[in-house]
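Notes follow the structure.
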């Protein structure tokens with residue numbers, strides 16, 4: 046474990062590093078992706094005439110990429126020319142949605158094609174994000190990584206709200222094809238923002254050694270290295286475990302929440318939509334103050350406290366079942382707001398820890414490993430939540446899933462290494 050007893054050094058300015066060009070491109074492409082997340086079920090129902098089951102398969106295809114691609118994406122990103130890889134991922138996603146647009150306008154789009162496109166886009170996005178994990182520290186000084194990642198996570202919080210809201214307005218005015226075209230254009234814009242940035246060249250690779258050992262064996266060895274690197278860093282290991290447990294129970298809750306809110310809490314669809322406004326705003330606030338909080342309290346204590354707050358808020362979620370309508374919506378919105386601000390801070394710290402603690406040539410594979418572990422449980426958690434709801438009812442499923450967040454806090458509290466981890470090593 047790497048710690049420092051010295052007072053935190055002042056952060057270096059982000060202006061002049063090229064970070065904001067990187068951020069703007071990422072922000073715009075994420076906005077387009079959020080619009081697509083909103084519009085895909087609408088296209089499925091209104092254009093393709095799909096059933097609820099078919100829509101769920103299409104959506105699931107886009108979420109399945111981490112289970113199949115995340116580990117290899119990290120290895121490929123570490124061995125490839127970073128700038129070229131980012132451009133290829135953008136071009137691939139642009140081409141995929143141009144295909145969807147053409148088929149949509151021609152009336153030839155089918156749900157298997159849409160599902161396949163979403164899976165391919167999901168895989169390319171994982172590859173893009175794995176390369177981006179190493180691109181940020183290539184342009185940002187180590188002591189400014191928390192602030193840079195605060196911008197990244199703050200942007201994500203905004204796009205989670207602005208994307209669907211913009212898509213909803215544009216859908217009624219201009220139709221689904223226009224939104225697909227906008228999303229395709231965001232990837233082109235992202236690549237334009239990358240031009241000329243010093244994102245690092247292709248790392249040196251011993252081609253002879255790779256050929257001798259075999260490409261597949263070398264690939265598997267690189268994947269195994271990603272697991273070993275995380276396991277050796279006690280703070281990162283604990284954070285990943287806690288985040289994985291959180292994602293499992295978060296997916297559990299989200300899988301049943303819409304039905305729970307509409308049927309048990311007697312919310313209207315409009316009221317249900319308003320529930321998520323406060324969490325988005327609070328998440329943005331969390332991204333703004335994450336740097337100050339972590340520098341004052343220390344990284345490990347901030348992480349431990351945030352998971353503790355999530356546990357307390359989670360235990361309060363079933364209380365919404367004691368009421369209905371607006372009062373229930375207020376309780377749920379406050380609980381989700383606590384979740385959001387804590388998770389935004391956790392994501393900022395977790396991303397920063399990886400960028401500062403691991404060698405640059407291994408950052409992408411470490412990020413891919415983390416995504417495989419923490420995101421890979423999402424479909425399992427969703428299935429578990431649905432299964433318990435079917436057996437014991439919606440209220441029981443929400444209560445059990447909410448109690449599960451306590452495990453995250455216990456994992457952090459049981460780790461002296463995490464609590465003692467105050468600050469990151471910095472560059473000169």
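In our numbering, the protein residues as written are 46 to 473. C-beta: ideal position from N, C-alpha, C; glycine also.
Beta carbon proximity, residue i to chain B, threshold 8 Å
{"i": "residue 317", "result": "In the displayed structure, chain B is absent; only one protein chain is listed."}
Reference residue i; option with closest CA among the options
{"i": "residue 125", "options": "160, 180, 75 and 87", "result": "180"}
{"i": "residue 422", "options": "288, 193 and 467", "result": "288"}
{"i": "residue 334", "options": "393, 294, 293 and 372", "result": "393"}
{"i": "residue 277", "options": "137, 461 and 403", "result": "403"}
{"i": "residue 235", "options": "456, 450 and 75", "result": "75"}
{"i": "residue 467", "options": "361, 341, 454 and 440", "result": "341"}
{"i": "residue 409", "options": "212, 112, 143 and 275", "result": "275"}
{"i": "residue 311", "options": "351, 325 and 367", "result": "367"}
{"i": "residue 308", "options": "339, 434 and 292", "result": "434"}
{"i": "residue 153", "options": "266, 82 and 93", "result": "93"}
{"i": "residue 418", "options": "197, 281, 136 and 407", "result": "281"}
{"i": "residue 271", "options": "438, 121, 352 and 95", "result": "121"}
{"i": "residue 412", "options": "266, 177, 138 and 238", "result": "177"}
{"i": "residue 216", "options": "91, 231, 195 and 129", "result": "91"}
{"i": "residue 336", "options": "137, 195 and 134", "result": "195"}
{"i": "residue 82", "options": "351, 456, 267 and 205", "result": "205"}
{"i": "residue 112", "options": "139, 398, 173 and 420", "result": "420"}
Contacts around residue i, its chain only, beta-carbon distance under 6 Å, and the 5 residues preceding and following it disregarded
{"i": "residue 163", "result": "106 and 107"}
{"i": "residue 430", "result": "297, 300, 301, 442 and 446"}
{"i": "residue 51", "result": "Summary for residue 51: the model assigns pLDDT 42, below 50, so the residue's position carries little reliability, and this model does not support an answer."}
{"i": "residue 322", "result": "none"}
{"i": "residue 461", "result": "none"}
{"i": "residue 378", "result": "320 and 323"}
{"i": "residue 395", "result": "284"}
{"i": "residue 149", "result": "222"}
{"i": "residue 95", "result": "89 and 156"}
{"i": "residue 398", "result": "281"}
Helix, strand or coil at residue i [DSSP, three-state]
{"i": "residue 423", "result": "helix"}
{"i": "residue 111", "result": "helix"}
{"i": "residue 272", "result": "helix"}
{"i": "residue 221", "result": "helix"}
{"i": "residue 128", "result": "helix"}
{"i": "residue 441", "result": "helix"}
{"i": "residue 465", "result": "coil"}
{"i": "residue 91", "result": "helix"}
{"i": "residue 243", "result": "coil"}
{"i": "residue 460", "result": "coil"}
{"i": "residue 235", "result": "helix"}
{"i": "residue 64", "result": "helix"}
{"i": "residue 484", "result": "Any answer about residue 484 is impossible in this case: the structure gives the chain only from 46 up to 473."}
{"i": "residue 80", "result": "helix"}
{"i": "residue 153", "result": "coil"}
{"i": "residue 253", "result": "Because the pLDDT at residue 253 is just 48, under 50, the model does not fix this residue reliably, and the value given afterwards should be weighed accordingly. Correct three-state label for residue 253: helix."}
{"i": "residue 185", "result": "coil"}
{"i": "residue 312", "result": "coil"}
{"i": "residue 46", "result": "Low confidence applies here, because residue 46 scores a pLDDT of 37, under 50, leaving its location unreliable; read the following figure in that light. If DSSP states are grouped into helix, strand and coil, residue 46 belongs with coil."}
{"i": "residue 321", "result": "coil"}
Cβ shell of residue i (< 7 Å), same chain only, five flanking positions each side left out
{"i": "residue 242", "result": "63, 66, 67 and 184"}
{"i": "residue 146", "result": "222, 225, 226 and 229"}
{"i": "residue 358", "result": "380, 383 and 384"}
{"i": "residue 327", "result": "382, 385 and 386"}
{"i": "residue 59", "result": "65, 185, 189, 192 and 193"}
{"i": "residue 141", "result": "162, 165 and 166"}
{"i": "residue 202", "result": "325, 328, 329, 332 and 389"}
{"i": "residue 452", "result": "290"}
{"i": "residue 73", "result": "231, 234 and 235"}
{"i": "residue 457", "result": "283, 287, 348, 349, 352 and 463"}
Integer-rounded CB distance, given that residue j should sit under 8 Å from residue i
{"i": "residue 474", "j": "residue 192", "result": "This structure leaves residue 474 out entirely; the chain is present only between 46 and 473."}
{"i": "residue 479", "j": "residue 319", "result": "As shown, the chain starts at 46 and ends at 473. That puts residue 479 outside it, with no answer to give."}
{"i": "residue 454", "j": "residue 356", "result": "4 Å"}
{"i": "residue 329", "j": "residue 199", "result": "5 Å"}
{"i": "residue 285", "j": "residue 415", "result": "6 Å"}
{"i": "residue 85", "j": "residue 103", "result": "6 Å"}
{"i": "residue 127", "j": "residue 244", "result": "5 Å"}
{"i": "residue 79", "j": "residue 118", "result": "Wrong, their Cβ atoms sit about 21 Å apart, outside the cutoff."}
{"i": "residue 483", "j": "residue 239", "result": "Any answer about residue 483 is impossible in this case: the structure gives the chain only from 46 up to 473."}
{"i": "residue 349", "j": "residue 338", "result": "13 Å between Cβ atoms; not a contact."}
{"i": "residue 169", "j": "residue 137", "result": "5 Å"}
Residue i CB to nearest heavy atom of the ligand MN below 7 Å
{"i": "residue 191", "result": "The model depicted lacks the ligand MN and carries no ligand whatsoever."}
Neighbourhood of residue i by C-beta distance below 8 Å, restricted to the same chain and skipping five residues each side
{"i": "residue 427", "result": "296, 297, 299 and 300"}
{"i": "residue 363", "result": "440, 443, 444 and 447"}
{"i": "residue 109", "result": "164, 167 and 424"}
{"i": "residue 376", "result": "361, 362, 364, 365 and 368"}
{"i": "residue 370", "result": "310, 311, 312 and 316"}
{"i": "residue 473", "result": "Low confidence applies here, because residue 473 scores a pLDDT of 38, under 50, leaving its location unreliable; read the following figure in that light. Hits under 8 Å: none found."}
{"i": "residue 293", "result": "422, 423, 425, 426, 429 and 449"}
{"i": "residue 182", "result": "190, 400, 401, 405 and 408"}
{"i": "residue 303", "result": "317"}
Legend entry - Those runs of the alpha helix (DSSP H) which lie wholly inside the segment 331-403 and span at least 4 residues: Counting only runs of 4+ residues, the alpha helix (DSSP H) found wholly inside the segment 331-403 occupies 344-361 and 370-402, in chain order.
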